[in-house]
Amino acid sequence: KGANQVYWKSVHAGAVKAAEELGINVIWKGPIKEDDRESQIKVVEDFITRRVNGIVLAPLDDVALKPVVNEAVKQKIPVLIIDSPLQGSNYISYVATDNYLGGAKAARRLAEVIGKQGKIIVFRFLEGSASTELRVQGFLDTITREYPQIQIVSSNQRSGATAEIAYQNSENLLSSFKAQSGRLTIDGIFCPNEFTTFAMLRALQDGGYAGTVKLVGFDSSEMLVAAMKKNELHGLVLQDPINMGYLGVKIIYQYLLGQKIPAIIDTGCEVATPENMNQPNIKELLEPDYKKWLKEES
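The sequence shown lines up with residues 196 to 493 when you count with the working numbering.
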């Protein structure tokens, strides 16, 4: 998907860890921008041409990647899907977070920190990103079903594909809820991934609203951890990207050896808060040790 985010570096680290354990070669390739469908399709086409033994793919669009995956399977190259679903069933296994459940957990956390009443907004990621859309759906359904005193006043605005556009769109969204006094007329915000969470956090910080308007996001980065320490971020739903990358490689290897493999593996998710962020199990997910496997300088 997007090769530059901490999340994807962590997935990469897990893949490297599995490759070292199994003594196999993993070629890691992905687009720089998370909306670059053409680039990701070309990567898969390149793998088909190179006659790789198997492909582990995090599809950035649940429809656009279907034809090239079908082509790989036709060429007898098994495909395993991680992170985000792909329409159809032409793959051997799906290893991912239960994204709908992750969204539901985010809803309960945001409801808790705003006192189960008030006005909230959702800042969506790109169209076609099935994982983030499932999170938003889980979030919206849970708020609607469990919290009648909470009003969702906006849930159709999207980030765009670059950090600058996402920041601009965050600012525009906030300014549409600005009262004459200058304060915001909303109580809470949900963002469904690291990219949207960071863009919205920056907009809140620059507007002087960080901490007063409650923010719950998804995934982690050094900047998000720092904001949580300052109580500017009130919850992060954390996936286990190292484990996702690790299991993706391990399971496709088992498949190639002729072993029976599960059709779906849920890699789990936890909610980090300013209160629990120092617990060892949460800390490990908040600050995944990807550098150890990618040989990056700490």
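Every residue, glycine too, gets a C-beta built ideally from N, C-alpha and C.
Keep in mind that this is a model prediction, so the values were computed, not measured.
Contact check, residue i vs residue j under 8 Å by CB: the rounded distance?
i: Ile236; j: Val274; result: That pair is no contact at about 13 Å.
i: Ile415; j: Val201; result: The amino acid at residue 415 is misidentified as Ile; the sequence shows Ser. Rounded, the Cβ-Cβ distance is 7 Å, consistent with contact.
i: Gln352; j: Leu335; result: Rounded, the Cβ-Cβ distance is 14 Å, inconsistent with contact.
Residues in its own chain within less than 8 Å of residue i by CB, not counting five upstream and five downstream?
i: Asp241; result: Lys224
i: Ile360; result: Ser354
i: Met472; result: Val420, Met423, Lys424, Lys478 and Leu481
i: Arg397; result: Tyr362 and Ser365
Would residue i and residue j be called neighbours here (beta carbons separated by less than 9 Å)?
i: Ser371; j: Ser349; result: yes
i: Asp382; j: Ile277; result: no
i: Pro436; j: Val206; result: yes
i: Phe393; j: Asn364; result: no
i: Ile243; j: Gln270; result: yes
Using a Cβ-Cβ cut-off of 6 Å (strictly less than) and excluding sequence neighbours within five positions of residue i, which residues of its own chain qualify?
i: Val466; result: Lys300, Arg304, Gly430 and Val432
i: Pro483; result: Ser205 and Ile437
i: Pro387; result: Phe320, Thr327, Arg330, Val331 and Phe413
i: Tyr485; result: Lys204, Ser205 and Ala208
i: Ser493; result: The predicted position of Ser493 is uncertain, since its pLDDT is 47 and thus under 50; no value can be drawn from it.
i: Ala405; result: Leu399 and Glu427
Which residues in the same chain as residue i place their Cβ atom closer than 7 Å to its Cβ, once the five residues preceding and following it in sequence are excluded?
i: Val211; result: Val221, Trp488 and Leu489
i: Gly209; result: Pro436, Ile437, Asn438, Met439, Gly440 and Tyr441
i: Leu329; result: Asn294, Tyr295 and Gly298
i: Gln474; result: none
i: Glu322; result: Arg353
i: Tyr342; result: Ala306 and Lys311
i: Pro457; result: Ser288
For residue i, which residues does DSSP report across the bridge?
i: Glu465; result: Leu433
i: Phe385; result: Val317 and Val411
i: Gln346; result: Lys314
i: Ala422; result: Ala422 is not bridged to any residue.
i: Ile459; result: Tyr289
Secondary structure, beta strand (DSSP E): runs of 3+ residues fully inside the segment 237–277 = You should have 250–252 and 274–277.
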